[in-house]
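2 protein chains.
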Amino acid sequence: MDFDLIKQVAVPGDSKIVLLVMDGLGGLPHPETGLTELEAARTPNLDQIAREGMCGLSVPVALGITPGSGPGHLALFGYDPIKYDIGRGVLEALGIDFDLQASDVAARGNFCTVDSNNVITDRRAGRMATELNEKLCEKLRTILIPGVDVFVESVRDYRFVLVLRGEGLSGRLSGTDPQREGMAPLPVTALAPQAERAVSLINDFIEQARSLLREGQPANMVLLRGFAQLPDIPPMADVFKMKPGAVAYYPMYRGLAKLVGMTALPANAKLEESFSVVAENYERFDFFFVHYKPADSAGEDGDFDRKVAALEAADAAIPELMALNPDVVMIAGDHSTPATYVAHSWHPVPFALWGKWCRKDDAQGFNERECQRGALGTFQATEALPMAMAHAGRFIKYGA
Amino acid sequence: MDFDLIKQVAVPGDSKIVLLVMDGLGGLPHPETGLTELEAARTPNLDQIAREGMCGLSVPVALGITPGSGPGHLALFGYDPIKYDIGRGVLEALGIDFDLQASDVAARGNFCTVDSNNVITDRRAGRMATELNEKLCEKLRTILIPGVDVFVESVRDYRFVLVLRGEGLSGRLSGTDPQREGMAPLPVTALAPQAERAVSLINDFIEQARSLLREGQPANMVLLRGFAQLPDIPPMADVFKMKPGAVAYYPMYRGLAKLVGMTALPANAKLEESFSVVAENYERFDFFFVHYKPADSAGEDGDFDRKVAALEAADAAIPELMALNPDVVMIAGDHSTPATYVAHSWHPVPFALWGKWCRKDDAQGFNERECQRGALGTFQATEALPMAMAHAGRFIKYGA
């Protein structure tokens, strides 16, 4: 929705809104039972929310588009995930809690293997161990580039983050990873005139890295891609006039929340304890984003039963949320991760909005089939937060 | 929908379309019965239209946005209510049948009370009587401002309309009403460079008003807000190639109809008689907008039973409409006004489209729940008129 419109109608208030994001929530039927993960799971509390509230299927980006975690969350935060594009480098930096600054340029790095002709023989350096990664990152931190600070941060396995910090840098750069083996790494090129300076700094980094890593096994070279800077994104406080707090255990989701101006609260992986954090901070904030990861992890592993169990575990924590007596609750997912698909997918995601001004609909439980019968139909995920604001009495009338 | 597209496909014709707007149509369940106003009402004629036609829930502006009467009607007339923004001053002028000209600047005025330090003590001057209002307006009409004509028109209670008429004026002005007591009235400021001249003219008006009202009780000052000019809006005849007539008893709705180029026909408050007016003018026009107010009034008063009765009274008049044998009928609302919410709300509005080319859907009656089951789902209200045009055979094929 148009932020100009939202700014015209949004007003501060005391009402409380809770957004529970169950990562990878949506699923597909198990081939033997014909039931999706949510249909197979026993979720009496979520079902009650669905019966009392309004349901639908949310589309994070567009029909047919499989979102990454960045776009999936931004949409639920009310931000157009196409307009506010979060580069891969920024997402990687957020994912390790790196404190990215406004003019930093971040890139996703791979340690890789090249042969004596500089042809890539393994883009992931044999999926090398994280300990070796950490050693190599230490080595790369010795690289000096005049005029900028260089940060090389280990992520995991063969992955690291490169950050250049200095004045007047631009992230409008092409990557060096050809995305396949049998080719040489590509040269970095400027995608905009203002990025010329960054090109030479990064080529300098790459040549120094090549020298430092030359004798290494299996990693003797780096690939860089997803050069990016923090997007220029208006904080939720300005657009929605709210005080938002985030309870997310994993750094990437905390980072996404901080991108839109949420305050990151301490969290651990258990949903009950996340709701305790909400309870402890209930007076400080009027909007809470709570992130729950296990459903996605199980889906990504193709483990149908574990995803069912993760959904049941989440359901068991719901009474602690409802005991807080929030004005509006949203049960949502950033995307579907069907266990049978073993990856993120484009399928619209079950969604329920609960609050006292809900017009009840035909949805009799919380799953793909029932949510499709709901009043919201198949809708853009960016519309979820504006609806929640309306139901929380936080939007005044538009026009006379 | 894009007007360029509509202009390409719209053609004149003899078919007749009737749009019945039941103001504030949508509702919410009564806490005791679980039935909405429409579900509680006995509406056999509307139910038949819903069964024979196609139903849905219309969204006047956007999900979560509560529309005023202006945006709610413009959307049903096919106009994007965000693009065609109707200022408060213009709407107030339309509401008293003031014949606003293209370059006029109109503002909503309040008579208010200030203390000896010019601090507002009552923004509504004790909700003063309309007779006093009329006397004070007469007094303010003595104000002379070089180069412009000044109109001061009483509305009701403490409300009046100020209109300045002259060449080269702009309504891009901030208001003087701080929207709360305990502050002095704000100075008028220009929101665009071309409004500088209007600023000095209006400040001149305000100072003269202050002198004239100084000794008054309880009203000794004015507040002005919602400065606006008529929007630049293409007439329905140009966009939709139609001859539209409006049957609306209340001036504001007649004014909104005239804004888009409808001819205002004489009307009184009864729906049967409104349909008689349609009948009398049936050959002169091919599109009729008929406005029915009582459902909204009852909703705004929080009177569930009166809203039910208003809906039943409307239903009883429907046979007179259908006896005209129109090609396409739309039963719509400009917004919801649930009696339990005691105000306009953001909830999507029941809608039915009736005509011989309708593909029947699952809706078995005319209410929120059944309309949600309809073929149109939850849809933008601006799409209603294009659909009606298609069903009336008034859109040719797009593209070869």
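Sequences listed follow chains U and G, in order. Residues in the first sequence are numbered from 9 upward in steps of one, following our numbering. Residues in the second sequence are numbered from 9 upward in steps of one, following our numbering. Virtual Cβ for every residue (Gly too), placed ideally from N, Cα, C. Source: prediction; values computed, not measured.
By the Cβ neighbour-count rule, Met-191/U is exposed, with fewer than 16 other Cβ atoms within 10 Å of its own.
Of all alpha-carbon atoms in Pro-334/U, Leu-329/U, His-399/U, the one lying nearest the alpha-carbon of Glu-280/U is that of Leu-329/U. In the three-state DSSP reduction, Arg-377/G falls in the helix class (H, G or I). Comparing alpha carbon positions, the residue from Asp-22/U, Glu-47/U, Ala-408/U closest to Asp-313/U is Glu-47/U. In this structure, Met-229/G is the residue among Leu-319/G, His-352/G, Met-229/G, Phe-403/G with its C-alpha nearest to the C-alpha of Asp-130/G.
In the same chain as Val-350/U, and ignoring 5 residues on each side of it, the C-beta atoms closer than 6 Å to its own belong to Gly-310, in chain order. Segment contact: the segment 373–389 of chain U against the segment 49–63 of chain U, three or more CB-CB distances shorter than 8 Å; contact assigned.
For Gly-78/G, the residues of chain U that pass the 8 Å Cβ criterion are Gly-407, Ala-408, in the order they occur in the chain. Identification of chain G residues near Leu-384/U by a Cβ-Cβ cut-off of 9 Å yields Leu-71, Thr-386, ordered along the chain. Ranking Leu-13/G, Val-29/G, Met-9/G, Thr-51/G by CA distance to the CA of Pro-327/G puts Thr-51/G first.
By the Cβ test, the segment 255–273 of chain G is in contact with the segment 291–310 of chain G, since at least three Cβ pairs between them sit closer than 8 Å. Per the coordinates, the alpha-carbon of Leu-177/U lies some 40 Å from the alpha-carbon of Arg-402/U. Exposure of Gln-202/G is indicated by the presence of fewer than 16 other C-beta atoms within 10 angstroms of its C-beta. The C-beta of Trp-362/G has 16 or more other C-beta atoms within 10 Å across all chains shown, which makes the residue buried. Proximity to Ala-198/U across Gly-269/U, Gly-234/U, Arg-173/U, Ala-227/U peaks at Gly-234/U, based on C-alpha coordinates. Between Ala-206/G and Leu-181/G, the C-beta spacing is below 8 Å. About 24 Å separates the beta carbon of Lys-405/U from that of His-38/G, a gap too long to meet the 8 Å contact definition. Beta-bridge partners assigned by DSSP to Ile-153/U: Val-156/U.
Bounds of the beta strand (DSSP E) holding Tyr-300/G are 295–300.
Against chain U, the beta carbon of Ile-90/G has neighbours under 8 Å at Asp-10, Leu-13, listed in chain order. At a cut-off of 8 Å between C-beta atoms, Val-67/U does not count as an interface residue with respect to chain G. A Cβ-Cβ separation of about 16 Å leaves Gly-174/U out of contact with Val-196/U under the 8 Å criterion. If you look at Ser-66/G, you'll find it in the beta strand (DSSP E) that goes 62–67. In this structure, the beta-carbon distance from Met-260/G to Leu-102/G falls below 8 Å. Across the structure, Gly-382/U and Glu-161/G are spaced so that their CA atoms are roughly 48 Å apart. Contact between Tyr-166/G and Arg-116/G does not hold, since their C-beta atoms are separated by about 11 Å, which reaches or exceeds 8 Å.
Check the Cα spacing between Val-357/G and each of Val-336/G, Val-19/G, Val-316/G, Thr-386/G: the tightest is with Thr-386/G. Non-local C-beta neighbours of Ala-400/G in its own chain, meaning closer than 6 Å and more than five positions away in sequence, comprise Ser-23, Ile-25, Asp-335, Val-336, ordered along the chain. Under the three-state reduction of DSSP, Arg-135/U is assigned to helix.
Put simply, the backbone Cα of Gly-72/U is about 7 Å away from that of His-355/U. For the segment 363–381 of chain G, residues whose beta-carbon sits nearer than 7 Å to a beta-carbon of chain U comprise Glu-376, Gln-380. Asn-125/U sits exposed, since fewer than 16 C-beta atoms from the chains shown fall within 10 Å of its C-beta. Closest option to Leu-232/G, judged by alpha-carbon separation, among Gly-183/G, Ala-331/G, Ala-360/G, Asp-112/G: Gly-183/G.
Residues of the segment 127–145 of chain G with a C-beta atom less than 7 Å from some C-beta of chain U do not occur. In the three-state DSSP reduction, Thr-44/G falls in the coil class, being neither helix nor strand. One Cα belongs to Ala-227/U, the other to Pro-154/U, and the distance between them is close to 26 Å.
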